[in-house]
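*Asks:* Can you read through this structure? Questions will come right after.
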Amino acid sequence: MGHDSATTIRCPEYKSFMVKRKGPFSEFYGCTNYPECNGKITLVSDITAHLLKKYF
Ligand SMILES: [Zn+2]
């Protein structure tokens, strides 16, 4: 436990890889250069959870 799992997904804002991280609702991909780079890819399920919390 502890280490984020590295992926082969590239950060859209930086030329580095993303790592899988756990958010409050679901998993998302964050940049390995965080906090220097704030690049982030949120999974659809995470967005859905956000919308549900916001509007229902
Ligand atoms: Zn980045």
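So the number in our numbering is just where the residue sits in the sequence shown, counting from 1, plus 1456.
Here a beta-carbon is modelled for each residue, glycine too, at the ideal position from N, C-alpha and C.
What you are looking at is a predicted structure, and each value in this text was computed from that prediction instead of being measured.
1) Compare the beta carbon distance of Tyr1485 and Lys1476 with 7 Å and say whether it is the shorter of the two.
2) Pick from Gly1495, Lys1509 and Cys1487: whose alpha carbon is nearest that of Ala1462?
3) Grouping DSSP H, G and I as helix and E and B as strand, with all else coil, what is Lys1471?
*Replies:* Reading it off the structure:
1) In the sequence shown, counting from the first residue as 1, residue 1485 sits at position 29. In the sequence shown, counting from the first residue as 1, residue 1476 sits at position 20. When the beta-carbon positions are compared, Tyr1485 and Lys1476 come within less than 7 Å of each other.
2) The residue labelled residue 1462 in the question sits at position 6 within the sequence shown. When each option's Cα is compared against that of Ala1462, the closest is Cys1487.
3) Residue 1471 sits at position 15 when you count from the first residue of the sequence shown. Looking at Lys1471 - three-state DSSP - the assignment turns out to be coil, as it is neither helix nor strand.
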